[in-house]
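Notes follow the structure.
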Amino acid sequence: MESKYVKAEHPIILVDGISLDKIIDEQYPDRFFLGLIPTIVDWMTLRKEAYLVQRRFNTSQGIHILPILMCPDDCDLTCTLIVAEVEVSEKLVKWKRIGVDTSRYDESCVYEEYIGTEVEWLDKIPELIFRKEDYEQLNIIYTLNEIQDE
211 MESKYVKAEH PIILVDGISL DKIIDEQYPD RFFLGLIPTI VDWMTLRKEA YLVQRRFNTS
271 QGIHILPILM CPDDCDLTCT LIVAEVEVSE KLVKWKRIGV DTSRYDESCV YEEYIGTEVE
331 WLDKIPELIF RKEDYEQLNI IYTLNEIQDE
């Protein structure tokens, strides 16, 4: 599929047939969320960011923060970044909350460690629950094939 600003074919996260960026934008129309793209690890500018996202997607224990949508201009984690608080169980994956990453870091930090430490939760977005077999379809987004070097 295509998105608002990216005309190349790419995977899109759909919830009941509607793109996630559109769902969020409908609830927060003044925040310019329409056109954000999934955190496609193969498109990410920095290899270390791609590894971080892939590692968090593959985490199967406890609750963790997963970057799910990013700005298509830079394809990195420092621009507008939407994250989900993910809980994985034996049969289900829950995105308990979705929000905007507001983590603060400077050049002296290893900023990947800070991704998701501060989040402005978007309370109008309900919890999203996926059957594990449906959730695994997102592997196309989170599987690292070939990306650029840093």
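In case it helps, our numbering puts the sequence shown at residues 211 to 360. Heads up, the beta-carbon is just placed ideally off N, CA and C, and yes, glycines get one too.
Pro277, DSSP secondary structure in three states: Here residue 277 refers to the residue found at position 67 of the sequence shown. Looking at Pro277 - three-state DSSP - the assignment turns out to be strand.
How about Ile233 and Val225: do their beta carbons lie closer than 8 Å? Taking the sequence shown and counting its residues from 1, one reaches residue 233 at position 23. Taking the sequence shown and counting its residues from 1, one reaches residue 225 at position 15. Contact: yes.
Per-residue burial, Glu302 [other beta carbons within 10 Å of its own, 16 or more giving buried]: On the sequence shown, position 92 is the one that residue 302 refers to. Reading off the sequence, residue 302 comes out as Leu, not Glu. With fewer than 16 Cβ atoms within 10 Å of its Cβ, Leu302 is classed as exposed.
Taking the alpha carbon of Ile278 as the point to measure from, which residue in Leu230, Leu354 and Asn355 has its own alpha carbon closest? What you label residue 278 is simply residue 68 of the sequence shown in a count that begins at 1. Closest option to Ile278, Cα to Cα, is Leu230.
What whole-angstrom Cβ distance do Leu246 and Ile325 have, given they're in contact under 8 Å? For the purposes of this step, residue 246 is taken as the residue at position 36 of the sequence shown. For the purposes of this step, residue 325 is taken as the residue at position 115 of the sequence shown. Contact flag wrong, Cβ pair sits at about 16 Å.
Does the stretch 292 to 312 touch the stretch 337 to 345, meaning 3 or more C-beta pairs lie closer than 8 Å? yes
Assigned exposure category for Trp331 - 16 Cβ within 10 Å defines buried: Here residue 331 refers to the residue found at position 121 of the sequence shown. So Trp331 ends up on the exposed side.
Which residue from Leu338, Ile250 and Cys281 puts its Cα closest to that of Phe267? What you label residue 267 is simply residue 57 of the sequence shown in a count that begins at 1. It is Ile250 whose Cα lies nearest to the Cα of Phe267.
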